[in-house]
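Enquirer: For reference, the structure I am asking about is given below.
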């Protein structure tokens, strides 16, 4: 029988009385003990999944595989209602996809949806019966941003969260559904600014633009998200699902649009210009932890390759 | 012949010179002297309707009946252009529907639209030739929120206004069109947060999320709304109507979606889970003035029934 | 051979090292030396077009003609990627159309799109391969607002920018696409407030409502826009165009809606009520620089004509 991973580095104190209250439910057969890139903690009807894919939480084949397994198992666990995503890395939530392994992570995504596309994997999450909340500390760029956009709600740490959708710096378009979400959330002009500038946006500006629900100070974010998750988990599932369905019917873009964006991203990555820019970026430190602390600066210099 | 109700408790001083200027028009044949739950005051082309349904401005059969009559008569009064809704209760604008009289208030609504649904009553208001403004002091939850969302504009008192769309706490979906409006106004993630959390939102957060036009301090709100109403009333009606029509063509959800939401709400209210949660809430003080001052807290506890 | 206009009043110091860096590209054969109402400055892949149509940057036949020529030539210049619009008048960016020359400026617009409508001229700009940025100082009302709404991004000077869509004060509807954009950017209630009130909105409120990307202080706006324009201009054009196309597919209203709004505006302007209101406004100083400093006040008084 599987039991929950016990994460000794986890701050158990965070949970206080509620943790004790729900203690009898912590052990659960449905969630496997170990994911390579996700640390799990189930408390009642809430599952916390902390992304832990060092050195910088790149979305490569391993994280894609684990996300697929997590979603499959969590959806099958009828005791679960709410799924909270966090990161064990204070600087990176999900940095972006591993551009050297596009085919590989797409194949992992296909195990959930039948199509080799993280756009459809993310859209599956948006359409899931589970309520998903992203607690964002650190950077979410490109597919990282698209992942949190696929979640039902997202709250970001004011001091550390950084947002970007920088594909146009490579001559590419966002391929994971971010374009679809950003235009609907912030309108034409702000979505164009976000993408065409390939700039970093801090949490306050992301809140102003509607990219996230709210920016919050570090000392309240965790408690807020936990409290929100537990509150929602007390409500009947039928209502949660019905509301999600009705909202998605209005605001979640059609599958065809996600698929088309995904295809355009793939074409851009195979294009000589895209390849050349990706190579220039890698030479300047792209996909390394230190260099991406200021990715916006790095991307301004790809022209000279 | 009917004349306007003279409301002695009304602060006539508010109107100052303008009141005197328009004094000769205060008497009007079109608006009946007395509505049980609405206090009327007509000044030129502007009609002020103050909701007064003690003890807490529940939307039950009486208020539904009066709203229907008001709308019918106001639309038939060719001298009227602008309709301003306010509340005589500083803590409650419209609290929500009377859940013990769903069939009754729906039958009242049917007298306007032919369908037993307040969603269609509210949508009728959005599509009306009249320009509607809500001046929100106190609580607007569930159908209260949906009523102000149906108005063309809404301005809220920063110190007192409270917003919620808490149907999912009962396993139900918003049935009065609020879901349609909220998703279009604030996007998928914030609309999901609002509904799935069943939380109270203050006026500043409601403004940030786009739920209202603006939050304003108590000492300026009334003057602002009155001034805005008079300004609009000076413009030719043809232009006002044409703009509303063009805007509604883009942003007002189809009738079918309002009808479907209304049906889902009705189904949820008849469902055993919904019935059980409603009963548990009533036992804890739901639909009483005092207990609903903190409805968000009350709703967190329905699980233990 | 044509060369760039040398604008001696331009603050060359603004450009600093970047100006020197790009100096060899300042001369360009594609952009004509002189437009009557536009001062041009090309720097690399960025073209700055400063609107200079004294006394108050009215959009009449001359400015419409020059905008058409500029767009045609800029789109044909394969070295150009980004087009920045500014104003040489600190109080007026584009005031609005010249209501005494509607047929004339429409005929100029027709030279680009084949249809006598500035709505379609503006929509052409939104659909252009060029990335357009409006740096807004001073007033943009009616077609002025609609022009900046047609740009891909817009940043406004906090101290001076004023926004309005006041056509309903004349009994008319916005005819240049503004209604389409405003509803999608700020939602039903705020768009109705903007139009039905015919009020002036400052830059901070315009930012809050999503009318603009951001309001910025005068001492940073110019540098920000220039830096943004140069940054975008470094990225491959294919990606910029693909992103614009995908965004426009979601958020740019259909041609038929622009055409219909344009027709309604024309009908309103020919209507006796519209004619009468326009005449009353002209008698009160409408279309004069001084009186329009407070156009919102002027429009409140048209009733007494």
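Residue numbers (my numbering), protein chains in the order written: chain C, 1 to 305; chain R, 306 to 610; chain P, 611 to 915. Don't be surprised by glycine CBs; every beta carbon is placed ideally from N, CA and C. All of these numbers come straight from a predicted model, not from anything done at the bench.
1) Could you compute how far the alpha carbon of residue 298/C sits from the alpha carbon of residue 429/R?
2) Could you check what DSSP says for residue 709/P in three-state terms: helix, strand or coil?
3) Measuring CB to CB, does residue 758/P end up less than 7 Å from residue 772/P?
4) Helix, strand or coil, according to DSSP, for residue 81/C in the structure here?
5) Taking just the CA atoms, how far does residue 650/P sit from residue 697/P?
6) For residue 392/R, which three-state DSSP category applies?
7) Report, in whole angstroms, the separation of the C-beta atoms of residue 690/P and residue 196/C, which I expect to be a contact under 8 Å.
8) Can you tell me where the alpha helix (DSSP H) with residue 199/C in it begins and where it stops?
9) To the nearest angstrom, how far is it from the Cα of residue 112/C to the Cα of residue 755/P?
10) The alpha helix (DSSP H) spanning residue 224/C covers which residue range?
11) For residue 180/C, which of 251/C, 274/C and 90/C has the nearest alpha-carbon?
12) Measure the Cβ-Cβ separation of residue 778/P and residue 548/R and say whether it is below 7 Å.
13) Can you list, in chain order, the residues of the region 488–522 of chain R whose Cβ is nearer than 9 Å to any Cβ on chain C?
14) Indicate whether residue 358/R and residue 401/R have their beta-carbon atoms separated by less than 7 Å.
15) Count the other C-beta atoms from every protein chain shown that fall within 10 angstroms of the C-beta of residue 646/P, then say buried if there are 16 or more, exposed otherwise.
16) Name the residues in the region 272–290 of chain C whose C-beta lies less than 9 Å from a C-beta of chain D; which are they?
17) Given that a residue counts as buried once 16 or more other Cβ atoms are within 10 Å of its Cβ, and exposed if not, what is residue 605/P?
18) Determine whether the Cβ of residue 482/R lies closer than 7 Å to any Cβ atom of chain P.
19) Where do the N-terminal and C-terminal ends of the alpha helix (DSSP H) with residue 451/R fall, by residue?
20) May I ask you to verify whether the region 724–733 of chain P touches the region 662–682 of chain P, counting CB pairs closer than 8 Å and requiring at least 3?
21) Counting contacts by CB-CB distance shorter than 7 Å, is residue 707/P in contact with chain C?
22) Contact between the region 813–827 of chain P and the region 176–192 of chain C is defined here as three or more beta-carbon pairs at a separation below 8 Å; is this criterion met?
23) Relative to the alpha-carbon of residue 194/C, which residue among 38/C, 182/C and 160/C has its alpha-carbon at the smallest distance?
24) Report yes if the C-beta distance between residue 483/R and residue 470/R is below 7 Å; otherwise report no.
25) Hey, is residue 476/R's beta-carbon within less than 7 Å of any beta-carbon in chain C?
26) When you compare the CB of residue 473/R with every CB in chain C, is at least one pair closer than 7 Å?
27) Tell me the rounded alpha-carbon separation between residue 925/P and residue 295/C.
28) Is it a yes or a no for the region 676–687 of chain P touching the region 825–834 of chain P, going by three-plus beta-carbon pairs under 8 Å?
29) List the DSSP bridge partners of residue 765/P.
30) According to DSSP, is residue 557/R helix, strand or coil?
31) When you compare the CB of residue 784/P with every CB in chain C, is at least one pair closer than 7 Å?
32) Could you name the residues of chain R that residue 874/P contacts, counting a contact when the two beta carbons are closer than 8 Å?
33) Under 7 Å between the Cβ atoms of residue 582/R and residue 419/R?
34) By the DSSP assignment, the alpha helix (DSSP H) with residue 678/P in it spans what residues?
35) Find the nearest neighbour of residue 531/R within the set 376/R, 413/R and 458/R, judged by alpha-carbon distance.
36) Between the region 408–442 of chain R and chain P, which residues of the former have CB atoms less than 7 Å from a CB of the latter, in chain order?
Expert: Let me spell this out:
1) 55 Å
2) coil
3) no
4) coil
5) Spanning the two alpha carbons is a distance of roughly 11 Å.
6) In the three-state reduction of the DSSP assignment, residue 392/R falls in the strand class.
7) That belief does not hold up - the Cβ atoms of residue 690/P and residue 196/C are roughly 15 Å apart, past 8 Å.
8) Careful: residue 199/C lies outside any alpha helix (DSSP H) and carries neither H nor E.
9) Spanning the two alpha carbons is a distance of roughly 47 Å.
10) 218–233
11) 251/C
12) Yes, the Cβ-Cβ distance between residue 778/P and residue 548/R is below 7 Å.
13) Of all residues in the region 488–522 of chain R, the ones placed with a Cβ closer than 9 Å to any Cβ belonging to chain C are 488, 489, 491, 492, 493, 494, 495, 496, 497, 498, 500, 501, 502, 503, 504, 510, 513, 514 and 515, in chain order.
14) The beta carbons of residue 358/R and residue 401/R sit no closer together than 7 Å.
15) exposed
16) Absent from the structure: chain D. Protein chains present are C, R and P.
17) For residue 605/P there is no data in the structure shown, the boundaries of chain P being 611 and 915.
18) no
19) 448–455
20) yes
21) Among the CB atoms of chain C, none fall inside 7 Å of the CB of residue 707/P.
22) yes
23) 182/C
24) With a cutoff of 7 Å on beta-carbon distance, residue 483/R and residue 470/R are scored as near each other.
25) Using beta-carbon distances, residue 476/R counts as an interface residue toward chain C, with a partner under 7 Å.
26) yes
27) As displayed, chain P neither begins before 611 nor continues past 915, which places residue 925/P out of reach and without an answer.
28) no
29) 745/P and 824/P
30) Reduced to three states, the DSSP call for residue 557/R is coil.
31) no
32) Contacts between residue 874/P and chain R, judged by CB atoms closer than 8 Å, involve 547 and 551 in chain order.
33) no
34) Where residue 678/P is concerned, the enclosing alpha helix (DSSP H) stretches over 671–686.
35) Cα-wise, what sits closest to residue 531/R is 458/R.
36) 436
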